[in-house]
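S.K.: Start counting the sequence shown at 17; every next residue gets the next number (this note's numbering).
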Amino acid sequence: MIAEPNSVANLPNHKNAGHHPTEINTCNGTSSLASSPSVCVSKICSGQSPNLTDQILGECKQGPAGGEEENGIHEEVVSESTVQNGSCLRNGNVKTFRGKRKIREQCENRRTPPSGGRRSNQLQNGEVVEAVTLFEVVIMGKSAMQSVVDDWIEAYKNDRDVALLDLINFFIQCSGCQGMVTAEMFQSSQNCDVMQKMTETFDEATGLQYKKFMAYPWILTVTWPVDMDDKDYPLVKAGPYWKKFRANFCDFTSVLVQQCQFSILYDSYLMDTIISLLSGLAESMVRAFRHTSTLAAMKLLTALVNLIVSIDVSKHNLERLYEVEKSRTTGKRTNTRLDQLEKKKKEYEQKHLDIENMMNAIFKGTFLQRYRDIIPEIRAICIEEIACWMTMYPDRFLTDSYLKYIGWMLYDKQPDVRLKCLQGLQGIFGQKALGCKMDLFTCRFKDRLVSMTLDRDHEVAVQAMKLLMLMSHLIIQEIEIEAFSKSNAKWEPIASQLRALIDFFLESELHSHVTYLVDSLWDWAPSLLKDWEYMTALLLGNADSHEQALTDAHESVLVEIILATVQEAAEAHPPVGRGGTRRILSAREKKIQVEDCTRITEHFIVVLPQLLAKYSVDAEKVTNLLHIPQYFDLELCSAELLDKHLDTFLREIKAVVTQYSDTDVLDACSRIYATLCGEDGSGHKKVGFARDELVDELVDNLNQRLDTFWDEGEGFHAEKEGIHHISLTLRRITAFHNAHDLTRWNLYDTVAKLLGFEVEHNPLPVQILLPALQCAYSALLWQLSSAVENTCSKEIILALRTHLRDYCHICTCYLSHRSRELREKAFMILCDLLMIVSHQGLSDGLIGFLEYLPSSSLQSKLLFFIQDHVFTEEAREFRVLTGEEAKKKEEQKLDALQLKRCLLAAYCKLIVHNVVEMTAAAEIYKHYMKTYNEFGDIIKETLSRTRQNDKIQSAKTLNLCLQQLFQKHARSQDNSNSINSIDASFNNIKELARRFALTFGWDQVKSRESVAMIHKEGIEFAFQGIAALEGKSLPPNLNFLLILSEFSNKLLKPDKRLVYSYLLRYTSEPALCKEEFVYSLEWYRTSLLASEEDESSIISSISEWPSDRTPCKKNLSEGSCAKTSHTEMANTPSHAHCPSDLPSLALRSRKRLKSHDSCHQEYPSVIGPERLKRKYSIPDGVKVENTAEVLAEEADIDVVGADQEM
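(1) Hey, would you say L556 sits closer than 8 Å to L627, going by beta carbons?
(2) Is it buried or exposed for K1022, if we count other Cβ within 10 angstroms and need 16 for buried?
(3) Look at the alpha carbon of N975 and the alpha carbon of Y823, and state the distance between them as a whole number of angstroms.
(4) I need the straight-line Cα distance from V928 to A912, nearest angstrom please.
(5) What distance in whole Å lies between the Cβ atoms of L878 and V853, which are believed to be in contact at a cut-off of 8 Å?
(6) So, at 6 Å on beta carbons, what are the nonlocal neighbours of A1038 in its own chain, with the 5 sequence-adjacent residues on each side left out?
(7) By the DSSP assignment, the alpha helix (DSSP H) with A585 in it spans what residues?
(8) Counting C-beta neighbours from all protein chains within 10 Å, is the total for G1034 16 or more, i.e. buried, or is it exposed?
(9) Assuming A803 contacts I863 under a Cβ cut-off of 8 Å, what Cβ separation, rounded to an integer in Å, is found between them?
(10) Using C-beta distances below 8 Å, list every residue in its chain close to A1009, excluding the 5 sequence neighbours before and after it, in chain order.
(11) When the Cβ atoms of the segment 262-278 are set against those of the segment 350-366, are three or more pairs found closer than 8 Å?
(12) I need the DSSP call for L981, collapsed to helix, strand or coil.
(13) Is T239 helix, strand or coil when you go by DSSP?
(14) On the DSSP letters alone, give me the boundaries of the alpha helix (DSSP H) that L1080 sits inside.
(15) According to DSSP, simplified to helix, strand and coil, what is H619?
(16) Could you check whether N762 and T745 sit closer than 8 Å to each other, using their CB atoms as the reference points?
(17) Find out if the Cβ-Cβ distance for the pair G423, R388 is shorter than 8 Å.
(18) If you count every other CB in all the chains shown that lies within 10 Å of the CB of P779, and 16 or more means buried, which is it?
(19) Quick one: residues in its chain with C-beta nearer than 8 Å to the C-beta of L866, no 5 flanking neighbours on either side, listed in chain order?
(20) Grab me the residues of G1197's own chain with a C-beta within less than 8 Å of its C-beta, minus the 5 sequence neighbours each way, in chain order.
(21) Quick check: what's the CA-CA separation for M161 versus K315?
(22) If you draw a straight line from the alpha carbon of R604 to that of K420, how long is it in whole angstroms?
(23) Which runs of the alpha helix (DSSP H) spanning at least 4 residues fall entirely within the segment 378-425, listed in chain order?
(24) Starting from the Cα of A684, find the closest Cα among D663, A751, E656, E571 and give me that residue.
(25) If I measure Cβ to Cβ from E400 and keep anything under 6 Å in the same chain, skipping five residues before and after, which residues do I get?
(26) Does K972 pass the burial test, meaning 16 or more other C-beta atoms within 10 Å, or should it be called exposed?
(27) If you reduce the DSSP assignment to three classes, tell me which class S326 lands in.
(28) Taking one C-beta from the segment 300-310 and one from the segment 254-262 each time, how about it: are there three or more such pairs within less than 8 Å?
(29) When DSSP labels each residue in this structure, what does Y285 get in the three-state scheme?
(30) Evaluate L470 with the Cβ neighbour count: other Cβ atoms within 10 Å of its Cβ, from every protein chain shown; 16 or more gives buried, anything less gives exposed.
(31) From this set, K702, K253, Q277, which residue's C-alpha is nearest D166's C-alpha?
(32) Taking DSSP as the reference, what is the three-state secondary structure of F648?
(33) Between which residues of its own chain and R747 is the CB-CB distance below 6 Å, once the five residues before and five after are set aside?
(34) With H, G and I counted as helix, E and B as strand and the rest as coil, what does DSSP make of L785?
(35) Near T581, what residues of its chain come up, given a Cβ to Cβ distance below 6 Å and the 5 sequence neighbours on each side ignored?
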């Protein structure tokens, strides 16, 4: 392939004395000189250094010591006719490598440095390593990049061909090429054979690829292995090391142009060669060449743009100086200063023209070819750089002929390319002077930019929104100029923007969360979002606006916006899902945060009572407004302002408490008092007095009403109205008791009397029991917290212990209450309370009396509750619903599902934290497949956490789950073991086992013990009851082996052999030898054995054991590892230790298997000898032990000769 005409055809023709080939051996950038011999490489230049050339060629021919060929590469001299096949030329001879692998060894060669000044020393293994090529210097990350380039420039001035070949070598090596570069001098521009040489071919004989292209005045031939990995070259390698290399590579290109601008940049030789080289590599079919050369060319053009901008500035300053000098000249007198300035001006103009030509050559030769490359990284590089050119040199590049490329790439399929386009446009629109020139572009592509706000890629959508905000600023500035001419110029622009924001939220219907809308605009419109004065004035009707008043929907959205902006300003952190971990604020951000909190406190403590009074009948607006005081900081507020408005604010909060019974409103009021009082009571004293006064009134009201309706003889009697008032008072007290310690009002005794009466006597209304149950729970928690933090007497601890037991008993009784809501409430409270009192962690002292673990009966009731309320399907309604009814029904289903998830999560926490037995999880795991969409994440997390706590017990729980399901299936099939009994139900169990096996992951060593335990207990379950059958029929659970086979792929190969040996103990019954009954057994056997050789080795190990062995015995049923000597244990890696349930198989020695133990002695050994010999072709020399002998022996596993194997 030939380079673009603009980069080659117009280059001057350099006359050279002869036609010389030159070799450049590239090297792998990761290798070091410390591990390879010092070697000289051919450097043949256009007849300029014949003596040096002969000397170097002689050294290369001689090779290392003894005249041996370097790196063991054998070369043959063949005829010159093979040149057209791409062979490398050396003094007229052609040398080919034997085998394509040999080319890799050339990476050990190193170029002799053209200048002794460019060196980078690093210490490696105690030796100083010299970096003698540009590639090595850059890859080592030498900080003094400028000195490296200066050294190269000096070498270029001494011998430019040698230095240029070094630079060519640098770019080839940066592409990751581990091949050879051959340079031929181009003698005549009229040579027609040049066009034929511009090719990229593959030579089947040598297994090498060849790339020929022109880098004037040379024709370069790059040779590399055909199996060169296109996805493993320096620019795409992961890790900080290669990331730094990319940065150094880009810096080198920029520094090269910067340092050459005063000397050799305009010699019509250096840049022509580099541009030809990069253009030729950019046309290669090899990704590494295209990617590296495109990046280098784009960075080179960026450096040239920087240079031409500086030249234009210097030229402009020179012209001003010229005019000043010209004005000083009087008459016709000549001025030498003017002549010098005129000469300098022409020099700048010539440099400007030369750089323009270079830029055109790079743009047409590389950018136009690669901005549509198939590789998205290359396209992204082109778009990123052209956007930089537009901001740096807008006079040249900020035109429609260049902007169209960014507009076209907005439709790219890859999000990274679209993202680069948006980021580049942000840089342009961010500058007002540049954004005003984008009218035609905006008109052409505005529809695409708006549609990108709904891009499937989240980051692209966010950046598109930011770009539109920048574009809108240009329009807003014009609107503001017109708006300020009106009388109410202060708020008119804000009013229009705020209404537009509200209308956008209402009309878009994307989601119902204003928080994320505010966060998206936070960095772009802070003045609008923090203008709380105007927002509240608009709600109160105090804003002078010519537009119509807000509707109820607009007011609701505006209240939500106020709350979201207050929260964002006070917390200085994005909402959940938008940001990562909470970052540390800078000093400036902290200062802004404090200023915002001061503004929020001083403004809303005055305005909030008015807003609460206006919207007192709207619970939703009141709830949102009551969340604002959580972000108050009364210490930042002035004392005069507090004294003036705090009383009014507290009176309005008290009015809300007495007016509302909604739980959300009451909880918000309670949190306001808690926030303003402080956690330790160090808040404003006036707030504490107001809270105590409010609680006194509520408690007195409750006691009076209870005394009125409480009859000692007959119990509790109240009318409907009285019950309603008691329920409202209890709700208010409960809301405050959640956030405040109200122990001194002794509320537990009051509500415990109501709860106990419900259990023992007549039923009470549910609307009273629900808040009473929660209030008692809060009272117990505050007492428990006080007992743990403070030193209490034994009497108080024992009384609290009695209260805890009694309350747990009450909650247990309520699990069977007639009201579903009360049952669910009691269950949630009971689970939380058990979590607390079961893990006090203080067994010493009096606090240890408070610890409480649920009994077996209580655990059974909790499990039954979960089965009945979570996994039981509700009856379906077949009635046709209207649109509104269907929507309401769907919302009810979602609420019910959320409640079920909360119930299941509360119970699973008890399992994870060992409050209830882990075996209870078996009932939960049964529903894993059926309820995967609803509860799959909770069940999977429970399985993971229990495995972390006790992997053996967790494995037993999985086995128990599968066994119970199998037994249920077997009962439905009348305990049939035939193949016909395998139906859909059985396949579901098998699929569940497969899902369980997937949870063990890929680390078989980590899960070795667990999987071994599953197989061991599974085999025992499959052959359970075989002794009682006396060989007349198959074991009832034999088909369980099909389920157990799903775990076989999680066994290590040695463990498979041992598990199969364990299986053979149970498989010699006559009934198991029938072909029609052996399906399950054969399936399981096949899953354990990779080949028949494995089985033959196991059988031979059973029959051939030396009598004089030194056994290392350990009973298999005891679940212990085989004992080894201290030497063996020292030489055994930690991860290879045997599991606790099966003997170690890390010792690859012969093993002797005996019968399991006395409880399994009735199971005869293995399948009969005749059957084994017939079916598996056991050699005649193999002797199978007599069954009677096996029965008489003790169950153990002997490891013989372990030390030899280790």
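The C-beta atom is built at its ideal place from N, Cα and C for all residues, glycine as well.
M.R.: In terms of the structure at hand:
(1) Within the sequence shown, the letter at position 540 stands for residue 556. Within the sequence shown, the letter at position 611 stands for residue 627. Yes, the Cβ-Cβ distance between L556 and L627 is below 8 Å.
(2) The residue you call residue 1022 lines up with position 1006 of the sequence shown. Exposed: under 16 other Cβ atoms inside 10 Å.
(3) Stepping through the sequence shown from its first residue, residue 975 is reached at position 959. Stepping through the sequence shown from its first residue, residue 823 is reached at position 807. Approximately 36 Å between the Cα atoms of the pair.
(4) As a first step, residue 928 must be located in the sequence shown, where it is residue number 912. As a first step, residue 912 must be located in the sequence shown, where it is residue number 896. If I take the Cα positions, the gap works out to 24 Å.
(5) The residue you call residue 853 lines up with position 837 of the sequence shown. The residue you call residue 878 lines up with position 862 of the sequence shown. With a Cβ gap of about 15 Å, V853 and L878 do not count as contacting.
(6) Counting from 1 along the sequence shown, the entry for residue 1038 is found at position 1022. Taken in chain order, the residues that qualify are N1053, L1054, F1056, L1057.
(7) Position 569 of the sequence shown, counted from the start, is the residue given in the question as residue 585. Residues 568-587.
(8) Taking the first residue of the sequence shown as position 1, residue 1034 is located at position 1018. Result: buried.
(9) Within the sequence shown, the letter at position 787 stands for residue 803. Within the sequence shown, the letter at position 847 stands for residue 863. That belief holds up - the Cβ atoms of A803 and I863 are roughly 7 Å apart, short of 8 Å.
(10) Translated into positions along the sequence shown, residue 1009 becomes position 993. If we look at A1009 and ignore the five residues flanking it on each side, its Cβ neighbours are L978, I1059, L1060, E1062, F1063.
(11) no
(12) For the purposes of this step, residue 981 is taken as the residue at position 965 of the sequence shown. Reduced to three states, the DSSP call for L981 is helix.
(13) On the sequence shown, residue 239 is found 223 positions in, with the first residue counted as 1. Residue state, collapsed to three classes: strand.
(14) For the purposes of this step, residue 1080 is identified with residue 1064 of the sequence shown, where counting begins at 1. Per DSSP, L1080 belongs to the alpha helix (DSSP H) from 1069-1080.
(15) Numbered from its first residue, the sequence shown carries residue 619 at position 603. Residue state, collapsed to three classes: helix.
(16) Start at 1 with the first residue of the sequence shown, and residue 745 comes out as number 729. Start at 1 with the first residue of the sequence shown, and residue 762 comes out as number 746. Contact flag unset, no.
(17) To locate residue 423, count along the sequence shown from 1; it is residue 407. To locate residue 388, count along the sequence shown from 1; it is residue 372. Not a contact, by the Cβ cut-off of 8 Å.
(18) Position 763 of the sequence shown, counted from the start, is the residue given in the question as residue 779. Answer is exposed; the Cβ neighbour count stays below 16.
(19) Along the sequence shown, read from residue 1 onward, the residue named residue 866 stands at position 850. The residues are L800, A803, I813, L816, R817, L820, V853, Q856.
(20) In the sequence shown, counting from the first residue as 1, residue 1197 sits at position 1181. Caution is warranted here: a pLDDT of 37 is assigned to G1197, below 50, making its placement in the model unreliable, and no coordinate value can be reported.
(21) Here residue 161 refers to the residue found at position 145 when the sequence shown is read from its first residue. Here residue 315 refers to the residue found at position 299 when the sequence shown is read from its first residue. M161 and K315: Cα-Cα distance of roughly 16 Å.
(22) By one-based count along the sequence shown, residue 604 stands at place 588. By one-based count along the sequence shown, residue 420 stands at place 404. When rounded, the distance between both Cα atoms is 41 Å.
(23) 392-408, 410-413, 416-425
(24) Mapped onto the sequence shown, residue 684 falls at position 668. Checked all of D663, A751, E656, E571; the closest Cα to A684 is A751.
(25) On the sequence shown, residue 400 is found 384 positions in, with the first residue counted as 1. Once the five neighbours on either side are set aside, the close Cβ partners of E400 are K436.
(26) Locating residue 972 in the sequence shown gives position 956, counting from the first residue. So K972 ends up on the buried side.
(27) On the sequence shown, residue 326 is found 310 positions in, with the first residue counted as 1. Helix.
(28) no
(29) Residue 285 sits at position 269 when you count from the first residue of the sequence shown. Y285 falls in the coil class under three-state DSSP.
(30) Stepping through the sequence shown from its first residue, residue 470 is reached at position 454. Label assigned to L470: exposed.
(31) Mapped onto the sequence shown, residue 166 falls at position 150. The candidate whose alpha carbon is nearest that of D166 is Q277.
(32) Locating residue 648 in the sequence shown gives position 632, where the first residue counts as 1. Correct three-state label for F648: coil.
(33) Residue 747 sits at position 731 when you count from the first residue of the sequence shown. S677, P787.
(34) For this step, residue 785 is matched to residue 769 along the sequence shown. If DSSP states are grouped into helix, strand and coil, L785 belongs with the helices.
(35) To locate residue 581, count along the sequence shown from 1; it is residue 565. Excluding sequence neighbours, T581 sits near V534, L545.
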